[in-house]
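Quick note: the sequence shown uses our numbering, first residue 71, plus one each step.
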Amino acid sequence: MPDDRPVSTPRKPQVIAAPPRRQPSPADPCAMVIFGAGGDLTKRLVVPALYNLSHTKVLPDKFALIGVDLAQGTAESWRDHLYETLKGFVGNAAAEFDLDQIDEAAWKQLAEKMSYVQGDLNDSGLYGKLGKHLEEAARKHNTAGNVIFYLAVADRFFGPVVDKLGEAKLVETPEQGGKPKFWRRVVIEKPFGHGLDSARELNARILRALHEDQIFRIDHFLGKDTVQNMMAFRFANGMFEPIWNRDRIDHVQITVAETVGVEQRGKFYEVTGALRDMVPNHVFTLLSLVAMEPPTGFDAASIRTKKTEVFAAMPSVKPERAVRGQYGAGTVLGKPVNAYRKEPNVAADSNIETYVAMRLEIDNWRWAGVPFYFRTGKHMSQRMTEIAISFKQAPYAPFQDTPVGTLSPNWLVLHIAPGEGISLQFEVKHPGPVVELAAVKMDFHYNDWFPKEPNAGYETLLYDVMIGDPTLFMRADMVEQAWRVVQPVLGAWAAEKANFPDYDSGSNGPKAADELLARDGARTWRPVVPALERKQ
């Protein structure tokens, strides 16, 4: 039976000192070309992350930033627009990127390296013009011919843009003295395909123009410190790995709850939906870090191979083990909001899901019999991303002749957003002569130990692209295995009309998601609350 007792909170927070931080070295000289320079992703995440790299002195001194977009514009107008967007983040705690103030020197360093190229992505002439622009940038900014092409565009352009780059010979790396004269890398956003067949087709298409080591399939969740810390937490601490298995772990819950709706992305969402948007990338990335075997080293090949082994061990999900939902009207954080079907560019009878929950399995020695549950949805009650690991309950026998009615499971919770940290919940005895237990928590807060710095989630990832480290990026086989796992659900949902909407905005999803867990022995979802709340 679930235990509804509240978790006790400490009377005062712990007082701790921050250890010194090691600063990374500036990356190699390079130019970055952003296709989709006027888009939301560029102004909301990519350029703020580049600004942060400038602020922290790891952006190359020899650097050029080239914006490419269909809209008419100039370097000056693009810079001004991006600066106004950056100013909007100052003091905006609700934004993904929150600034106390703008470091004008850091912005100037970035802004003076910006230029703009207007053109149609399907026009071969654009790429000839871009090639000349890159030659000029190499001369002016000494970028040594190294180039990152960032595809911040709709996924229907991924194949055509890579094709055009190949035809224009902009991704070739000629050798000199047996070594490449320079490097060329391509960053591709999600979704990488819309199912198994399209992912295979896209992989085959881009691999005609690129080598696998030139491709960086990006997932901004891996830019979060807590996510990156998962491997260190597991493999650098001897106390956890011996209990990280089916003998000690009852189940795992992964929650990615958002308070936002689809906003102005209705057109995108109508052909994507929550499953395609979140599951084969974000959710599976988190799952792989929990479930992977220890790598032989902290190099890209070892780590990505171990992640791929997790996906390969996962059976394809049966449709009856998946739940979909779509939000209706309601109230989120005190504000009334529309139903999904009332959002701009959304069909009045849309069958697209805004919520997904699934029961996943991993058929290997470590995880056989341990269910992995996840849920992700929009317009939920709170914004929260966490990985919660429930350990098997201790035997009740020692407490049979005491007032103790039930034993709570121990929980290890990795909080990813909005507050980053780790919590451990366990049982202690209340003071006094009566044997009475209380569930308490030990919390590690990143902000207690390390200075808080603005972070768009892309800084580490962009830096890794610049230094050529693919550890945090998806490989072709990883992408295809992830789509294989969810493909039966995609097919079943496409063939059957859903009874939408089935959850109110401001709630925590449809009732069917609760029933998904209840079928497995009265398990319940953890409450959706702001991460790492602490009562002083």
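No residue lacks a Cβ here, since even glycine has one placed at the ideal position from N, Cα and C. All figures in this text were calculated on a predicted structure; none of them were measured in a lab.
First and last residue of the alpha helix (DSSP H) that includes I373?
Residue mapping note: residue 373 aligns to position 303 of the sequence shown, counting from 1. Run containing I373: 370-382, per the alpha helix (DSSP H) assignment.
Give the C-beta separation of F105 and V217 to the nearest angstrom, bearing in mind that I take them to be a contact with Cβ-Cβ under 8 Å.
For the purposes of this step, residue 105 is taken as the residue at position 35 of the sequence shown. For the purposes of this step, residue 217 is taken as the residue at position 147 of the sequence shown. Incorrect: roughly 12 Å between the Cβ atoms, too far for contact.
What's the C-alpha gap between L586 and P580?
Here residue 586 corresponds to residue number 516 of the sequence shown, with the count starting at 1. Here residue 580 corresponds to residue number 510 of the sequence shown, with the count starting at 1. Going by the C-alpha atoms only, they are around 10 Å apart.
Excluding sequence positions up to five away, which residues of its chain have a Cβ less than 8 Å from the Cβ of A568?
Position 498 of the sequence shown, counting from 1, holds the residue named residue 568. Here the set comprises R394, Q396, N421, E423.
State the Cα-Cα distance for the pair R374 and G367, rounded to the nearest angstrom.
The count along the sequence shown starts at 1 and reaches residue 374 at position 304. The count along the sequence shown starts at 1 and reaches residue 367 at position 297. Using only the alpha carbons, I get a separation of about 11 Å.
At the level of alpha carbons, what is the spacing between N578 and P244?
As a first step, residue 578 must be located in the sequence shown, where it is residue number 508. As a first step, residue 244 must be located in the sequence shown, where it is residue number 174. When rounded, the distance between both Cα atoms is 54 Å.
Using a Cβ-Cβ cut-off of 6 Å (strictly less than) and excluding sequence neighbours within five positions of S358, which residues of its own chain qualify?
For this step, residue 358 is matched to residue 288 along the sequence shown. For S358, where only same-chain residues beyond five positions count, the Cβ hits under 6 Å are K377, V380.
Can you give the Cα-Cα distance for P479 and S460, rounded to whole angstroms?
Locating residue 479 in the sequence shown gives position 409, counting from the first residue. Locating residue 460 in the sequence shown gives position 390, counting from the first residue. Distance between the alpha carbons of P479 and S460 is about 6 Å.
So V128 and P99 are in contact, right, with Cβ under 8 Å, and what is the actual spacing, rounded?
Working through the sequence shown from its first residue, we reach residue 128 at position 58. Working through the sequence shown from its first residue, we reach residue 99 at position 29. 13 Å between Cβ atoms; not a contact.
What first and last residue would you give for the beta strand (DSSP E) that runs through R394?
Against the sequence shown, residue 394 aligns to sequence position 324. First-last of the beta strand (DSSP E) with R394: 392-395.
Given a threshold of 16 other Cβ atoms within 10 Å of its Cβ, counted over all protein chains shown, does V599 qualify as buried or as exposed?
Walking along the sequence shown from the start, residue 599 turns up at place 529. Its Cβ having fewer than 16 others within 10 Å, V599 is exposed.
Name the residue from A583, S575, Q188, M544 whose alpha carbon lies nearest to the alpha carbon of F262.
For the purposes of this step, residue 262 is taken as residue 192 along the sequence shown, with counting starting at 1. Per the Cα distances, M544.
Cα separation between A371 and G538?
Within the sequence shown, numbered from 1, the residue matching residue 371 stands at position 301. Within the sequence shown, numbered from 1, the residue matching residue 538 stands at position 468. Spanning the two alpha carbons is a distance of roughly 13 Å.
Is the distance from the Cβ of K260 to the Cβ of D233 below 9 Å?
What you label residue 260 is simply residue 190 of the sequence shown in a count that begins at 1. What you label residue 233 is simply residue 163 of the sequence shown in a count that begins at 1. Cβ distance not < 9 Å, so K260 and D233 don't count as in contact.
With DSSP collapsed to three states, give me the class of M544.
For the purposes of this step, residue 544 is taken as residue 474 along the sequence shown, with counting starting at 1. Note: M544 maps to strand in three-state DSSP.
Identify which residue in M309, D173, D369 has its Cα closest to the Cα of T126.
Indexing the sequence shown from 1 puts residue 126 at position 56. Checked all of M309, D173, D369; the closest Cα to T126 is D173.
When DSSP builds the beta bridges, which residues end up paired with G398?
Translated into the one-based positions of the sequence shown, residue 398 becomes position 328. DSSP lists D574 as partners of G398.
Which value, in whole angstroms, describes the spacing of the CA atoms of A101 and I136?
One-based indexing of the sequence shown puts residue 101 at position 31. One-based indexing of the sequence shown puts residue 136 at position 66. The alpha-carbon atoms of A101 and I136 are separated by roughly 7 Å.
What ranges does the beta strand (DSSP E) occupy inside the region 164-218, keeping only unbroken runs of at least 3 residues that lie completely in it?
Segments of the beta strand (DSSP E) lying fully in the region 164-218: 184-188.
Under a three-way DSSP split, which group does A128 fall into?
Within the sequence shown, residue 128 is the residue found at index 58, counting from 1. The sequence shown places Val at residue 128, not Ala. Note: V128 maps to coil in three-state DSSP.
Can you tell me whether D518 is helix, strand or coil according to DSSP?
For the purposes of this step, residue 518 is taken as the residue at position 448 of the sequence shown. Note: D518 maps to helix in three-state DSSP.
Drop a sphere of 10 angstroms on the beta-carbon of R149, count the other beta-carbons inside from all chains shown, and report buried for 16 or more, exposed for fewer.
Here residue 149 refers to the residue found at position 79 of the sequence shown. R149 should be labelled buried.
Considering only DSSP beta bridges, list what D139 is partnered with.
As a position in the sequence shown, residue 139 is number 69, starting the count at 1. In the DSSP output, where bridge partners are listed per residue, D139 has Q188.
Find out if the Cβ-Cβ distance for the pair Y425, M450 is shorter than 9 Å.
Along the sequence shown, one-based indexing puts residue 425 at 355. Along the sequence shown, one-based indexing puts residue 450 at 380. Contact flag set, yes.
What does T366 pair with, by DSSP beta-bridge criteria?
As a first step, residue 366 must be located in the sequence shown, where it is residue number 296. According to DSSP, T366 bridges with nothing at all.
Tell me whether N192 is buried or exposed, calling it buried when 16 or more other Cβ atoms sit within 10 Å of its Cβ.
Counting from 1 along the sequence shown, the entry for residue 192 is found at position 122. Per the 10 Å Cβ criterion, exposed.
Can you name, in chain order, every residue of its own chain whose Cβ lies under 7 Å from the Cβ of A88, other than the five neighbours on each side?
On the sequence shown, residue 88 is found 18 positions in, with the first residue counted as 1. Residue confidence is low: A88 scores 49 on pLDDT, short of 50, so the model does not pin down where it sits. No coordinate-derived value is stated.
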